[in-house]
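Please read the structure below before turning to the comments.
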Ligand SMILES: [Zn+2]
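In the working numbering, the protein residues as written are 10 to 310.
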């Protein structure tokens, strides 16, 4: 098997056994250009989605099942952004944002989450079909950025001390975003029932300080391999293991046959009302902006 280049469009898992810590580090490049290229968002919204997709990649790479799905959804009230959805399935990422352009124009240059989302919540859903395991955590969209919100998700909903850093930058017309997630693994590690978590475990602050010293420009530097960053941060540790890398790509699961089958289930008169001036029913995919044209006669049964 060819070795995966650990520079862009990849997520790498890390374990520091002597500190009871696990981590994920990810960088997105052309994946972002592909996803953002199918929308026409202003720079601030592009940056928000770039960070959200990076967070999605980090969280998605925690899934144990290859067919597990991770969904990140912001539910908001009274904000500039009224919807943000990203998801991850087997390394494939997609996402979109719905916002009010007029209100965005009046926003400060670096708006807080509160300014962007109003009274917003972030729902994070882990779905592992083989184990029939699905759980959702919800946290208020508060703090400076999505990284901080994700950190409080783990602290509040999961009782897992965590560190999350996200950075995104556009230069020369191309986006580069990177992120890092470290977590204290409670004694007993994964797979065993957790009886308690010591939020003040002495090993955790050490890992958090080292991991937290990562610079935004290291996360976004597409020439800097991810394992080099891990080395820079943790080279004094007794043992640092890397897991196999996950290649990230843009993937949309919209499917013309599925769209047709959904439309076909509507009563005939409702379908007639959907037909546009050009004589076809048009359905757009919010994720990838693909437009499906459906001939009404294809649907008549
Ligand atoms: Zn699509």
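Note that beta-carbon positions come from the ideal geometry of N, C-alpha and C, so glycine has one too.
Being a predicted model, the structure only gives us computed values, none of them experimental.
(message) Judging by CA-CA distance, which residue of 15, 285, 222, 60 is the nearest neighbour of residue 153?
(response) Indexing the chain shown from 1 puts residue 153 at position 144. Checking every option, the nearest Cα to that of residue 153 belongs to 60.
(message) For residue 162, would you say it is in contact with chain D, using Cβ-to-Cβ distances shorter than 8 Å as the test?
(response) Absent from the structure is chain D; it holds one protein chain and no more.
(request) Would you list the residues whose beta-carbon is nearer than 6 Å to any heavy atom of ligand 1, in the order they occur in the chain? (result) Matched residues: 261, 263, 294, 296, 297, 299.
(message) Report the start-end ranges of each alpha helix (DSSP H) in the segment 42-74 that is 4 residues or longer and not cut off at the edges.
(response) Correct list: 52-69.
(message) In the DSSP assignment, the alpha helix (DSSP H) including residue 108 goes from what residue to what residue?
(response) One-based indexing of the chain shown puts residue 108 at position 99. Here residue 108 belongs to no alpha helix (DSSP H); instead the beta strand (DSSP E) covers 101-108.
(request) Determine the DSSP secondary structure at residue 306, reduced to helix, strand or coil. (result) Working through the chain shown from its first residue, we reach residue 306 at position 297. In this structure, residue 306 counts as helix in the three-state DSSP scheme.
(message) Taking the beta carbon of residue 185 as the centre, do at least 16 other beta carbons fall within 10 Å, making it buried, or is it exposed?
(response) By 1-based counting over the chain shown, the position of residue 185 is 176. By the 10 Å Cβ count, residue 185 comes out buried.
(request) Please go through the same chain and pick out, in chain order, the residues whose beta-carbon is closer than 7 Å to the beta-carbon of residue 199, but skip the five residues on each side of it. (result) In the chain shown, the residue the question calls residue 199 occupies position 190. Note that residue 199 has pLDDT 49, beneath the 50 cutoff, so the model's placement of it is unreliable and no number is given.
(message) What would DSSP say about residue 38, mapped onto helix, strand or coil?
(response) Position 29 of the chain shown, counted from the first residue, corresponds to residue 38. Reduced to three states, the DSSP call for residue 38 is coil.
(request) Per DSSP, which residues does residue 188 bridge with? Please list them. (result) As a first step, residue 188 must be located in the chain shown, where it is residue number 179. In DSSP, residue 188 forms a bridge with 35, 175.
(message) Measuring straight from C-alpha to C-alpha, what distance separates residue 302 and residue 292?
(response) Residue numbering aside, residue 302 sits at position 293 when the chain shown is read from its first letter. Residue numbering aside, residue 292 sits at position 283 when the chain shown is read from its first letter. A direct Cα-to-Cα measurement between residue 302 and residue 292 gives close to 7 Å.
(message) Quick check on the burial criterion: 16 or more other C-beta atoms within 10 angstroms. Buried or exposed for residue 183?
(response) To locate residue 183, count along the chain shown from 1; it is residue 174. Exposed, by the Cβ-count rule.
(request) List the residues that DSSP assigns as beta-bridge partners of residue 183. (result) Stepping through the chain shown from its first residue, residue 183 is reached at position 174. Answer is 180, bridged to residue 183.
(request) Kindly indicate the opening and closing residues of the alpha helix (DSSP H) around residue 280. (result) As a position in the chain shown, residue 280 is number 271, starting the count at 1. Looking at the DSSP string, the run of the alpha helix (DSSP H) that includes residue 280 is 277-283.
(message) Please list the terminal residues of the continuous beta strand (DSSP E) segment that includes residue 135.
(response) In the chain shown, the residue the question calls residue 135 occupies position 126. Residue 135 -> beta strand (DSSP E) spans 130-137.
(message) Let's test the definition: count the other Cβ atoms within 10 Å of the Cβ of residue 93 and tell me whether it reaches 16, buried, or not, exposed.
(response) Position 84 of the chain shown, counted from the start, is the residue given in the question as residue 93. Label assigned to residue 93: buried.
(request) Give the range of the alpha helix (DSSP H) segment to which residue 157 is assigned. (result) Here residue 157 is taken as the residue at index 148 of the chain shown, counted from 1. Boundaries of the alpha helix (DSSP H) around residue 157: 155-165.
(request) Run the CB neighbour count on residue 193, radius 10 Å, all protein chains shown included, and call it buried at 16 or more, exposed below. (result) For the purposes of this step, residue 193 is taken as the residue at position 184 of the chain shown. Its Cβ being crowded by 16 or more others within 10 Å, residue 193 is buried.
(request) For residue 131, count neighbouring C-beta atoms within 10 Å of its own C-beta (all shown protein chains included) and say buried if the count is 16 or more, exposed if not. (result) For the purposes of this step, residue 131 is taken as the residue at position 122 of the chain shown. Buried, because 16 or more other Cβ atoms sit within 10 Å of the Cβ of residue 131.
(request) Determine the direct distance from the alpha carbon of residue 18 to that of residue 36, and round the result to whole angstroms. (result) As a working mapping, residue 36 is identified with position 27 in the chain shown. As a working mapping, residue 18 is identified with position 9 in the chain shown. Going by the C-alpha atoms only, they are around 6 Å apart.
(request) Consult DSSP for residue 229 and reduce its assignment to one of helix, strand or coil. (result) What you label residue 229 is simply residue 220 of the chain shown in a count that begins at 1. Residue 229 falls in the helix class under three-state DSSP.
(message) Within the continuous alpha helix (DSSP H) that includes residue 151, where are the two ends?
(response) Within the chain shown, numbered from 1, the residue matching residue 151 stands at position 142. Element bounds for residue 151: n/a, residue is neither H nor E.
(message) In the DSSP assignment, the beta strand (DSSP E) including residue 288 goes from what residue to what residue?
(response) Here residue 288 is taken as the residue at index 279 of the chain shown, counted from 1. That residue, residue 288, is in no beta strand (DSSP E); it is neither H nor E in DSSP.
(request) Mind reading off the beta-carbon distance from residue 77 to residue 145? Whole number of angstroms is fine, and I expect it under 8 Å. (result) Translated into positions along the chain shown, residue 77 becomes position 68. Translated into positions along the chain shown, residue 145 becomes position 136. The distance from the Cβ of residue 77 to that of residue 145 is about 14 Å, inconsistent with a contact at the 8 Å cut-off.
(message) Can you give me the C-alpha to C-alpha distance between residue 21 and residue 113, rounded to a whole angstrom?
(response) Looking up residue 21 in the chain shown gives position 12. Looking up residue 113 in the chain shown gives position 104. Separation of residue 21 and residue 113 (C-alpha to C-alpha, rounded to the nearest whole angstrom) is 35 Å.
(request) Report yes if the C-beta distance between residue 127 and residue 172 is below 8 Å; otherwise report no. (result) Residue 127 sits at position 118 when you count from the first residue of the chain shown. Residue 172 sits at position 163 when you count from the first residue of the chain shown. Cβ atoms of residue 127 and residue 172: not closer than 8 Å.
(request) Enumerate in chain order the residues of its own chain whose CB-to-CB distance from residue 147 is below 6 Å, with the five nearest sequence positions on each side excluded. (result) Translated into the one-based positions of the chain shown, residue 147 becomes position 138. Answer for residue 147: 130, 132, listed in chain order.
(message) I'd like to confirm the pairing. Which residues does DSSP put opposite residue 296 in its beta bridges?
(response) Taking the chain shown and counting its residues from 1, the one referred to as residue 296 is at position 287. Under DSSP, residue 296 forms no beta bridge with any residue.
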